[in-house]
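A short write-up of the structure that comes next.
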Amino acid sequence: MKMTFRWFGDEDPVTLDKIRQIPGMTGVVTALYDTPVGEVWSQESIDKLKKEINDKGLEMEVIESVPVHEDIKLGLGDYKRYIENYKENIRRLAKAGVKTICYNFMPVFDWTRSQLDHQLEDGSNALVYYKDDVDKLDPTKLALPGWDSSYTPEEMTQLIQDYKDLGEEGLWKNLEYFIKEVMPVAVENDVNMAIHPDDPPWPIFGIPRIITDEKNLDRFLDLYDDKHHGLTLCSGSLGCTASNDIVELVKKYAGEGRIHFAHVRNVKILGDGSFEESAHYSPCGSLDVFEILKAYHDAGFDGYLRPDHGRMIWGETGKPGYGLYDRALGAEYMLGIWEALDKMDPQKKIEAEKKD
Ligand SMILES: [Mn+2]
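Given below as structure tokens:
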């Protein structure tokens, strides 16, 4: 397992200088943020970014994300050109040593929450999703960090209608077309493609969502028979409904070698379709983070893992979910679990003794 940390580039208040001081951090997960969605990333910018990261002693082996243009998801307009651009981005990132690309196929809205700075009992702030509040939101006037905010309310209304017309099966069809186009390029360049599940894993505002549960993850993986075609298994996205058993999902898909990137965070499920993001430590939320990591460890997981969202603590301000302190605490907690699992693993003990 390689512990990594998401970094949003030079604009990120959490600098590489800070990230490199977190014990056990091997690299950052990042992207080019100044190229419009769908366009080709310049090799020069990719190489410059890599050098900046490598100069701080960190790796750039995971990109999160190379976003998929809405035309591809809708199968409309310029989708063929955008798919060719996507292939070129895979080639260029491979050239820079990138091993894993995270992406998602969520229509219009990336992750959705009702509040980004809800104050928890201990005075920290966290992202929350209260179903009643989300139901009252007007999606045409909504903007959350990381979302494409370039749409006017009229364009947004049209876009939402297009997805409603497309429906779940239409979205599956467009996903299959995309996968069958890009995967041969990924395989040829030895890049793992890792889809991120929908967050939360249910339809919102009447728009279809399909990467939601075991049945659909199976259907997704069946689209292309090669291990490069895999998952970013996000415990917090899939885990905000008790119907997804994260430990079982990790056992199954890590066992099959189909998880390339692990997002680990905890959530407190409130029932009635609501949830709050919580600290990583198992007793703070509904997920058993020890059992999740044990499932990865038992499967011999050697991919990338990162603490996902954290709370804002100790007066920190910044990008919601992506402060330094709580994510660093989460990383150290998980590294501690991993070290214990390593040292208690009889096979690893034998190997270590042989080395001595
Ligand atoms: Mn995630």
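Read left to right, the sequence shown gives residues 0 to 355 (numbering that gives the first Met the number 0).
A virtual CB, placed ideally from N, CA and C, is assigned to each residue, including glycine.
Residues bridged to residue i (per DSSP)
i, result
"Ile100", "Ile62 and Met192"
"Cys233", "His262"
"Ser228", "Inspection of the sequence shows that residue 228 is occupied by His rather than by Ser. Paired residue(s): Met192."
"Tyr303", "Lys1 and Phe260"
"His117", "Ala125"
"Val27", "Phe4"
"Ser277", "Asn265"
"Met311", "Asn124"
"Ile203", "Ile206"
Backbone CA spacing between residue i and residue j [nearest angstrom]
i, j, result
"Pro202", "Gly272", "12 Å"
"Asp164", "Ile312", "43 Å"
"Asn103", "Gly96", "21 Å"
"Arg91", "Asp134", "42 Å"
"Val246", "Glu153", "43 Å"
"Glu331", "Ala298", "21 Å"
"Gln20", "Lys55", "10 Å"
"Arg305", "Thr34", "24 Å"
"His195", "Lys347", "31 Å"
"Asp189", "Lys98", "7 Å"
"Thr139", "Met155", "5 Å"
"Ile62", "Ala30", "6 Å"
"Gly254", "Gly335", "22 Å"
"Ala327", "Ser149", "33 Å"
"Gln114", "Thr211", "22 Å"
"Val67", "Gln118", "33 Å"
"Asp6", "Tyr223", "Residue identity differs from the one stated: residue 6 is Trp in this sequence, not Asp. Using only the alpha carbons, I get a separation of about 30 Å."
"Glu51", "Val263", "26 Å"
"Lys172", "Met343", "46 Å"
"Gly37", "Gly238", "30 Å"
"Val27", "Tyr78", "30 Å"
"Asp325", "Thr14", "15 Å"
"Gly235", "Pro345", "31 Å"
"Asp70", "Arg80", "10 Å"
"Lys72", "Asp244", "28 Å"
"Glu350", "Gly205", "54 Å"
For residue i, three-class secondary structure by DSSP
i, result
"Ile178", "helix"
"Glu213", "helix"
"Pro345", "helix"
"Ser285", "coil"
"Leu136", "coil"
"Ile356", "Nothing can be reported for residue 356, as the shown portion of the chain is limited to 0 through 355."
"Met105", "coil"
"Ile21", "coil"
"Lys356", "Because the chain here runs from 0 to 355, residue 356 falls outside it and cannot be looked at."
"Lys79", "helix"
"Glu255", "coil"
"Asp197", "coil"
"Asn243", "coil"
"Glu38", "coil"
"Trp110", "coil"
"Asp221", "coil"
"Asn156", "First, the amino acid is wrong: residue 156 is Thr here, not Asn. It is helical."
Distance between beta carbons of residue j and residue i, contact taken as under 8 Å
i, j, result
"Glu213", "Leu248", "6 Å"
"Asp100", "Met192", "Contrary to the premise, residue 100 reads as Ile rather than Asp in this sequence. Contact flag correct, Cβ pair sits at about 6 Å."
"Ile258", "Phe300", "7 Å"
"Val184", "Lys49", "About 20 Å separates the two Cβ atoms, so there is no contact after all."
"Trp337", "Met0", "6 Å"
"Asp364", "Val186", "Absent from the structure is residue 364, since the part of the chain shown begins at 0 and ends at 355."
"Gly389", "Lys267", "Any answer about residue 389 is impossible in this case: the structure gives the chain only from 0 up to 355."
"Asn88", "Val39", "6 Å"
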